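**Student:** Under our numbering, the first residue of the sequence shown carries the number 54, and numbering increases by one thereafter.
No residue lacks a Cβ here, since even glycine has one placed at the ideal position from N, Cα and C.
Since this is a predicted model, take the numbers as computed values, not measurements.
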Amino acid sequence: MLIVEQVASSIRCPSIQRATLIGLGLNKMHRRRRLQDTPSIRGLIKKVRHLVSVIDVKSSRGN
54 MLIVEQVASS IRCPSIQRAT LIGLGLNKMH RRRRLQDTPS IRGLIKKVRH LVSVIDVKSS
114 RGN
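#1: Residue 74 by DSSP, collapsed to three states: which one?
#2: Which one or two residues does DSSP pair with residue 85 in a beta bridge?
#3: Would residue 88 pass as a contact of residue 74 if the rule is Cβ separation under 9 Å?
#4: Going by the beta-carbon positions, is the gap between residue 79 and residue 105 smaller than 9 Å?
#5: Apply the 10 Å Cβ neighbour rule to residue 56 and answer buried if 16 or more other Cβ atoms are within range, or exposed otherwise.
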């Protein structure tokens with residue numbers, strides 16, 4: 054599980070980067086989303102890594 058927070062504005066960014074942020078569920082500064090840790094999500098984060106911060110959260114489910 055990942056927590057992704059938008060830490061920079063997308064005002065002067067190309068439209069493809071804005072669309073990537075929207076695809077991640079982010080559209081305003083300091084919004085956070087909990088996302089599954091999948092290769093596709095990691096690829097989206099890599100495209101906008103200068104605009105977001107990522108926290109890797111360990112699952113708290115007991116085994």
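**Tutor:** Based on what the coordinates show:
#1: helix
#2: 58
#3: no
#4: yes
#5: exposed
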